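Take a look at the structure below.
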Amino acid sequence: MATYDFIFDGLGLRGWCGEKTNATMSMEDLLKARSGETTSLWDTPFPSLDNLHDACPAIAQTRGLTGGLENGFLAVKDSLKVVLDPITQPLSWFLNGALSMFQTVPWWIMIPALLAVVFVASKSWRLVALVASFILFLAFIDHYEHAMQTLAIIFVCSFICVLLGVPIGIAMSRSDGLQRGIIPILDMLQTLPPFVYLIPLIFLFSVTEPKLYGIAIILYAIVPVIRLTNLGIRLVDKDVIEAADAFGMTDRQKLYGVQVPLALPNIMAGVNQTIMMSLAMVVIASLVSAPGLGVLVLRGIRNLELGVGLISGLGIVLLAIILDRVTKAALARVNTSGQ
Amino acid sequence: MNKQSLYALALTGAMLPMAANADCGEVSIAEMDWVSGGINAGVMEFLLTQGYGCDVTIVPSSTTTSIASVAENNEPDVIAELWVNSAPAYNDLADQGRVVKASDAFSEGATEHWLVPSYLVEEHPELATAEGIMNNPELVGGRFHSCPDGWGCRFVNDSLSAAFDMEGNGLEVFHHGSGETMGAAMVAAYENREPHFTYWYGPTSELGSYDWVDVEIGPYDADVHACNQDPECAENGISGFPAAPVVNVVTTDFAEREPEAFDLISNVTFPNEAMASLMAWHSENQATIDEAVVRFLQTEQDVWSNWVTDEAMANLEGLF
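Pasting the structure below:
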């Protein structure tokens, strides 16, 4: 006998409840059935869905709730797919294109090209030397290809993050209502374990598509660039805006001529964080078939190959240092040129 | 004897009077993080606790961590459902006499397959053999779904796909990032009636719930398969998959300390069919592993009643 039988008997709902039909039985019930003990007041279970279900089968179990969510999602999946599939398809093209470009260009073109980018961004020979030593080290221990795959994914995802994140941040800075609406979403994206939003993505898209991990990385990494763009523009001195108004600037002129340039250090800090966070997602993305250093980390974890795990982890750290230093150097140049 | 095991011994001594059978002490069982592993450990836990009066601790674990833990600390006592191909360290430990195999976890061992869904083979019977698939790659979607990095089957599949020249025949070899996406891809393809060609293993719920056709690769050749398994060996050939050994393992110390419990574990071998259908039931009913264990105990009594002693059977009387 279940604890809460008396509620349904007392309300005369026994007929509505019907007979117990489902076949599942927990270990606890099995043992209780033999001992024939009734539960004491001390052990009274909380009237949760599962416990009420024991007394009245018409009440759904908690797994009915999760199962219902799943079925609901599966029901709208097809129509959702019609909309989302074409919109996100370019992401797959970008990722495939970037991956094949980074892999087909021979190393003796790729490495100098990357170093040239570093020099243009930082104008610092010391940094170029540091980056060169890191990349050559990775190539020397045969991790060049994996590192390039990881870099390709990060370039594409960070670029799209900036492309989408900066306009969203600007829109947020101009409307308090929008800011109130978006901030909880940003909080959620940052705290929700990435695995949770990987599950619906696996249902929605074919697992062989690169956009699956692309979307996961972008959702996670887009947050800082939005936040810091919003913050940067809001922090622009009121007096400066007043002066711009006094000159009779239009809103558009104010945005591009005053607010964005003054907010640039903050926006660049956001870009730096976005790149770092997309790097942090590399290992998780490898669970849904992203190539790169994350695959090696996973192999290290799966087989307890300590060396493989440590070396590929070191590779990720080196990439992180490179990306961090280069974006910080670019940020420093923006700051000094602004003054 | 180290400090820890002395402590454990003292604790065991304190527990003894409380246990139903005075001669069974503490048992720790490593439970694998997949469904059949959970059922295996759950059934052992139930029979040992209720039938033999042991004090059982379940340790959530996985293949490599459990075997590493036994190698370093001689704990846990029992590893339920160890897939030997994924745990090469097991053979070393067995050679050193540190662990003993108690039983095979499945009557026919684990099975490995190349699979296509049955609806495809009904339309195109030639897809039932690997040769037929190589000649018609477009009928299976032009892609072979292969294992993630770090799985033992990755090497075998790489060798076989090279031997069949899959890429040359127009089949892209796609390496999944995890077993989860591989299984999800199978289920999604089957539900949508799409062409699909994949590696998978059994007993699993994917094999229990859906009808797949085992693609004929070729006869099993022990030497060729051994070479295919070894990433260093270059002379790859074509060989089917043998049944893979999956064992219930106990430490030698445990076998000596708890002979009765060891006897029980030596008998625990699930028929493949029963396990596959139980796992299919588990996923259809969204049941917990606990409930799947009860389901097995209730419906397959004639299987497990042969595992336990008469004395233990008497203790279990009245439960079913």
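Residue numbers (numbering that gives the first Met the number 0), protein chains in the order written: chain A, 0 to 338; chain B, 0 to 319. Using N, Cα and C, we set each Cβ at its ideal position, and we do this for glycine too. All values reported here derive from a predicted model rather than from experimental measurement.
Would you say residue i and residue j are within 9 Å of each other, going by their C-beta atoms?
i, j, result
"F45 (chain B)", "L296 (chain B)", "yes"
"F133 (chain A)", "I320 (chain A)", "yes"
"I288 (chain B)", "G37 (chain B)", "yes"
"V224 (chain A)", "C156 (chain A)", "no"
"A284 (chain A)", "I152 (chain A)", "yes"
"A59 (chain A)", "L68 (chain A)", "no"
"T250 (chain B)", "D103 (chain B)", "no"
"L170 (chain B)", "V139 (chain B)", "yes"
"E246 (chain B)", "V83 (chain B)", "Reading the sequence as shown, one finds Val at residue 246 (chain B) and not Glu. Yes, the pair counts as a contact, with Cβ atoms nearer than the cut-off."
"A146 (chain A)", "G312 (chain A)", "no"
"A29 (chain B)", "S265 (chain B)", "no"
"V223 (chain B)", "S238 (chain B)", "yes"
"L47 (chain B)", "I66 (chain B)", "no"
"T64 (chain B)", "L303 (chain A)", "yes"
"E116 (chain B)", "H174 (chain B)", "The residue asked about is misnamed: residue 116 (chain B) is Pro in this sequence, not Glu. Not closer than 9 Å, so no."
"G207 (chain B)", "A275 (chain B)", "yes"
"Y3 (chain A)", "P56 (chain A)", "no"
"E330 (chain B)", "A279 (chain B)", "There is simply no residue 330 (chain B) to check, as chain B begins at 0 and stops at 319 in what is shown."
"I315 (chain A)", "T103 (chain A)", "no"
"L126 (chain A)", "V282 (chain A)", "no"
"N265 (chain A)", "L322 (chain A)", "no"
"S204 (chain B)", "V34 (chain B)", "yes"
"L277 (chain B)", "W306 (chain B)", "no"
"L188 (chain A)", "I167 (chain A)", "no"
"S374 (chain A)", "Y212 (chain A)", "A query on residue 374 (chain A) cannot be resolved here, the shown segment of chain A reaching from 0 to 338 and no further."
"G217 (chain B)", "W199 (chain B)", "no"
"S85 (chain B)", "G151 (chain B)", "yes"
"N72 (chain B)", "A162 (chain B)", "no"
Bridge partners for residue i per DSSP, in chain order?
i, result
"R142 (chain B)", "B:E171"
"L81 (chain B)", "B:V246"
"I28 (chain B)", "B:I57, B:V77"
"A329 (chain A)", "Looking at the DSSP assignment, A329 (chain A) forms no beta bridge with any residue, so it has no partner."
"P116 (chain B)", "B:W211"
"E111 (chain B)", "B:Y200"
"V99 (chain B)", "B:V249"
"F105 (chain B)", "B:F269"
"T128 (chain B)", "B:E215"
Using a threshold of 8 Å, is the CB atom of residue i nearer than that to any non-hydrogen atom of the ligand NAP?
i, result
"L296 (chain B)", "In terms of ligand content, the structure shown is empty, and the ligand NAP therefore cannot be addressed."
Open item on the list: Closer than 8 Å between beta carbons: that is the criterion. Which residues of the region 67 to 94 of chain A meet it against chain B?
Closed with: none
Fill in: Cβ-based contacts, 7 Å cut-off: residues of the region 225 to 242 of chain A near chain B
none
Exercise. Are the region 146 to 154 of chain B and the region 287 to 301 of chain A in contact at 8 Å, needing three or more beta carbon pairs?
Worked result: yes
Practice problem: Flag this pair as touching only if the region 104 to 124 of chain B and the region 264 to 277 of chain A have three or more C-beta atom pairs under 8 Å; answer yes or no. | Solution: no
Q) Is there contact here, the region 183 to 194 of chain A with the region 240 to 260 of chain A, by at least three beta-carbon pairs under 8 Å? A) no
Point to revise | contact_flag[the region 228 to 242 of chain A, the region 164 to 183 of chain A] where n(CB pairs < 8 Å) is 3 or more | key: yes
In chain order, what are the residue ranges of uninterrupted alpha helix (DSSP H) at least 4 long that sit wholly in the region 222 to 306 of chain B? 251 to 256, 258 to 266, 271 to 283, 288 to 298, 300 to 303
Where the region 184 to 202 of chain A meets chain B: residues whose CB sits under 8 Å from a CB there:
I201, F202
Exercise. Please list the segments of the beta strand (DSSP E) lying wholly inside the region 276 to 317 of chain A, counting only runs of 3 or more residues, in order along the chain.
Key: none
Open item on the list: Counting beta carbon pairs with one atom in the region 168 to 187 of chain B and one in the region 239 to 258 of chain B, are three or more of them shorter than 8 Å?
Closed with: no
Using a Cβ-Cβ cut-off of less than 9 Å, list which residues of the region 266 to 295 of chain A approach chain B; keep chain order. A284, S285, L286, V287, S288, A289, P290, G293, V294, L295
>> Quick test of the definition: if touching needs 3 or more C-beta pairs under 8 Å, does the region 234 to 242 of chain B touch the region 106 to 117 of chain B?
In response: yes
What are the residues in the region 300 to 314 of chain A lying within 7 Å of chain B by C-beta distance?
R301, N302, L303
*asked:* Three or more C-beta pairs under 8 Å: does that hold for the region 80 to 97 of chain A against the region 200 to 216 of chain A?
replied: yes
**Asked** Taking Cβ-Cβ distances below 9 Å as the criterion, which residues of the region 137 to 162 of chain A are in contact with chain B?
**Response** none
Residues of the region 282 to 316 of chain B whose Cβ lies closer than 8 Å to any Cβ of chain A, in chain order
N284, Q285, A286, T287, D289, E290, V292, V293, R294, L296, Q297
ask   = Closer than 9 Å, Cβ to any Cβ of chain A: which residues of the region 236 to 252 of chain B, in chain order?
value = none
key: Entirely enclosed alpha helix (DSSP H) segments - the region 226 to 265 of chain A, minimum 4 residues   = 237 to 245, 250 to 253
Taking a cut of 8 Å between CB atoms, which residues from the region 162 to 178 of chain B lie near chain A? F173, H174, H175, G176, S177
### Query
Does the region 66 to 83 of chain A come close enough to the region 96 to 107 of chain A that 3 or more CB-CB pairs lie under 8 Å?
no
* Asked: So, do the region 122 to 136 of chain A and the region 238 to 248 of chain A have three or more beta carbon pairs nearer to each other than 8 Å?
  -> no
Report the residues of the region 57 to 83 of chain B with a CB closer than 8 Å to any CB of chain A, ordered along the chain. T63, T64, A67
Cβ-based contacts, 9 Å cut-off: residues of the region 130 to 142 of chain B near chain A:
R142
- With 8 Å as the limit, tell me which residues of the region 93 to 127 of chain B have their beta carbon closer than that to any beta carbon of chain A; keep them in chain order. none
Check your understanding: the region 31 to 60 of chain A: which residues have C-beta closer than 7 Å to a C-beta of chain B, in chain order?
Key -> R33
- Query: In chain order, what residues of the region 176 to 210 of chain B put their CB closer than 7 Å to some CB of chain A?
  - Reply: G176, S177, T180, A183, A184
- prompt: Using a beta-carbon distance cut-off of less than 9 Å, what residues from the region 246 to 258 of chain A approach chain B?
  reply: none
- Task: Can you give me, in chain order, the residues of the region 205 to 216 of chain A that have a beta carbon less than 7 Å from any beta carbon in chain B?
- Result: V206, T207
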